[in-house]
Structures are given as structure tokens and as C-alpha cells.
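Each remark here refers to the structure printed beneath this line.
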Ligand SMILES: Cc1cc2nc3c(=O)[nH]c(=O)nc-3n(C[C@H](O)[C@H](O)[C@H](O)COP(=O)(O)OP(=O)(O)OC[C@H]3O[C@@H](n4cnc5c(N)ncnc54)[C@H](O)[C@@H]3O)c2cc1C
Ligand code: FES
């Protein structure tokens, strides 16, 4: 796998909603080869704390402009420091990492929970000539700013919220059987919290629809060397989420 490490200049940074930011960086070498589902491993330039890089999905990339878009929630020290970056400053960016999604579906259903919707933006764009449907879930209306981001990419958007403040009250997995009964999807692509992925994987198996999931694990090296990101596989082997994934066929993972 080709990967590179560059000082990526911040082009733009904006607050999308609450504690969620969108950052666009110039990284032409990475943008040229990035595929939906891959991620970058960021290290704040000239800072020793945090020492380790932080992984973020590539939410979008523009090959002509040589830019990557990252959509991130502020969680701890690393992401707080990211919010301080101004246009013109740079960040150490390694990527593209991981395997990415298989894009052969003709009738794809994309399912994202919370920040799991970030990598699915680029995936939805990759399916632009095929009718992608997106099922998005979150805790409440404030967290569900995603329809605006997906506007122009997907026409069929379904929303669930835990508190019912937007869309159907409940979880994505509650609405999923209804969608699968109504339409013949040939592939499901999911990213989000582990409990959601487990529910999606089980429902997809029940309805006989192939399903790919993008997993999140704590990562250190990001390149398969440290084993800090492993998860149990059904073959009996442990998978490295950074290099064997982050995208897996749902049947490869022990839930
Ligand atoms: C493949 C992959 C893609 C990701 N894509 C995105 C994205 O597009 N947008 C986004 O907002 N977040 C994403 N995350 C989660 C993001 O990496 C963490 O929120 C971030 O590392 C937190 O760093 P921090 O220093 O602010 O937080 P801290 O809590 O200080 O971090 C401490 C340690 O925990 C790790 N960590 C904390 N939360 C997570 C998490 N949810 N998953 C994995 N490691 C975590 C950090 O990497 C760090 O090693 C992704 C994670 C992975 C593995
Ligand atoms: S993060 Fe080091 S092996 Fe995956």
C-alpha cells in the first residue's frame, strides 16, 4: 500500500455544529490516491504532547485541488489542539491508511451513527451515479447536522434520533428492517458505535444482504507495527484494524 507523510497546510477550518469541526488541508499526494473508508493519522507539528498521532477518516477529498476534508468531534487534548490551527499553519499528516470500502454495489445502503457518518460522505460521493440511500442516526437534532453535508450527494436520506427531536425516534437498527423489506439493497456500508455495528451486522445477515463495517479502535502506530488496535476475527486470528481494516466484511468480525 502506498502511503506518505506530509506537512499538510490548513486551508480552512470551521465549526459545523457544537463541538464538531471541519478542517480542509492541502495534501495533494494523499488526495490523489485516497479511497473512501481510508484514514489519515495526524500529528500536531512541533508538539510533543500528545506524542501519538490521532486517526481521522477522510471525509472527502478533492483531487484537482489536492485537498482532504476531515470532520472531527472535540474529545480530548489532541482534538482541542486541532481546533486552534489557523489557515496557513501545518499539521503532520500520514496517509492514506487502511483498506477502504469495496465499491462494487449497485444499490448501496449507507448507515452511519454519530461521527461514523464522516467517512460515508466520500463513499456517498463515489456512488454518485448509483442511487445511494443513507440511514443516519444520532442522539438528537444538534448532532444530526449531517443532512446538509450530504445534500446534493444523496436524495434518499432517513434519520433516526434517540430522543425523537428529528426523524424517527429510536436507533438506526430499529428502522433498518423496514428499509430492507421495502427496497432491494445489494450492499450495506456501516460506520458508527460498536453496538450499532453489531445490530446492523446481525440484521444484514438475517436479510441476506452483504455488509461492510468500518471499525474504530484506539491506535498508536497506524501502520500495523504495534498491535494496539486489534480485534477478534471469526477465523480465530486477530485483525489489525489499522492495516487489515478499518473496513471489514461484517462476517469477519467477532461481535
Ligand atoms: C480509523 C479511525 C477513524 C476515525 N475517524 C474519525 C473522524 O472522522 N472524526 C472523529 O471525530 N473521530 C474519528 N475517530 C476518533 C478519533 O481518532 C478520536 O476522537 C481522537 O483520536 C481523539 O483524540 P484526543 O486526543 O482529542 O482525545 P483523547 O481522549 O485525549 O485521546 C486519548 C487516546 O484515545 C484515542 N481515542 C479517543 N477516542 C477514540 C475513538 N473514538 N476511537 C479511537 N481512538 C480514540 C486517541 O487516539 C488517543 O490515543 C477515528 C478513529 C479511528 C480509529
Ligand atoms: S495501530 Fe499499531 S498495529 Fe494498528
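Residue numbers (this note's numbering): 182 to 436. Glycine is no exception: its CB is placed at the ideal position from the N, C-alpha and C atoms. Model, not experiment: these values are computed from the prediction.
Checklist entry - Skipping 5 residues on each side, what residues in its chain have a beta carbon closer than 6 Å to that of residue 335? => result The answer, listed in chain order, is 305, 313 and 315.
Checklist entry - Is it the case that the Cβ atoms of residue 217 and residue 282 are separated by a distance below 7 Å? => result Contact: yes.
Checklist entry - So, helix, strand or coil for residue 253, using DSSP? => result DSSP places residue 253 in strand when its eight states are reduced to three.
Checklist entry - From this set, 289, 339 and 228, which residue's C-alpha is nearest residue 259's C-alpha? => result Comparing Cα-Cα distances from residue 259 to each of 289, 339 and 228, the minimum goes to 228.
Checklist entry - When DSSP builds the beta bridges, which residues end up paired with residue 413? => result For residue 413, which the question treats as bridged, DSSP gives the partners 419.
Item to check | Residue span of the beta strand (DSSP E) that contains residue 187, given as start and end | outcome: Note, residue 187: beta strand (DSSP E), 185 to 198.
Item to check | Nearest candidate by alpha-carbon position, reference residue 332, set 420, 354, 346 and 303 | outcome: Residue 332 has its Cα closest to that of 303, out of 420, 354, 346 and 303.
Next on the checklist: Does the beta-carbon of residue 421, which I'm using as the reference point, lie nearer than 6 Å to any heavy atom of ligand 2?
Outcome noted: For ligand 2, at least one heavy atom lies less than 6 Å from the Cβ of residue 421.
Checklist entry - So, are the CB atoms of residue 378 and residue 385 less than 7 Å apart? => result Taking a C-beta distance under 7 Å as the contact criterion, residue 378 and residue 385 do not qualify as a contact pair.
Next on the checklist: With a threshold of 6 Å (Cβ to nearest heavy atom), would residue 409 be considered close to ligand 2?
Outcome noted: Result yes, Cβ under 6 Å from ligand 2.
Next on the checklist: For a test of the three-state rule: what should DSSP assign to residue 341, helix, strand or coil?
Outcome noted: Note: residue 341 maps to strand in three-state DSSP.
Checklist entry - Whose C-beta lies closer than 7 Å to the C-beta of residue 358 among residues of the same chain, with five residues either side of it excluded? => result Closer than 7 Å at the Cβ level, and outside the excluded window around residue 358, lie 384.
Item to check | Separation of residue 320 from residue 270, as counted between CA atoms | outcome: Those two C-alpha atoms are separated by around 34 Å.
Item to check | Nearest-angstrom Cα separation, counted from residue 417 out to residue 246 | outcome: Taking the straight line from one Cα to the other gives about 44 Å.
Checklist entry - Among the residues of its own chain, which have a CB less than 7 Å from the CB of residue 272, if the five just before and after it don't count? => result Answer for residue 272: 189, 191, 206, 223, 225, 226 and 266, listed in chain order.
Item to check | Inter-residue Cα distance where the pair is residue 388 and residue 268 | outcome: Residue 268 has its alpha-carbon roughly 47 Å from the corresponding atom of residue 388.
Item to check | Inter-residue spacing [alpha-carbon to alpha-carbon] between residue 344 and residue 354 | outcome: Roughly 15 Å separates the two Cα atoms.
Next on the checklist: Within a Cβ cutoff of 8 Å, which residues of the same chain sit near residue 367, ignoring the five residues on either side of it in sequence?
Outcome noted: Excluding its 5 nearest sequence neighbours in each direction, residue 367 has C-beta neighbours in its own chain below 8 Å: 286, 287, 288, 289, 390 and 391, listed in chain order.
Checklist entry - Closest to residue 427 by CA distance: which of 356, 407, 398 and 375 is it? => result Considering only alpha carbons, the answer is 398.
Checklist entry - Which residues share a DSSP beta bridge with residue 370? => result Looking at the DSSP assignment, residue 370 forms a beta bridge with 291 and 393.
Item to check | Contact belief for residue 211 with residue 187 at Cβ below 8 Å, rounded distance in angstroms | outcome: Yes, residue 211 and residue 187 are in contact; Cβ-Cβ is about 7 Å, under 8 Å.
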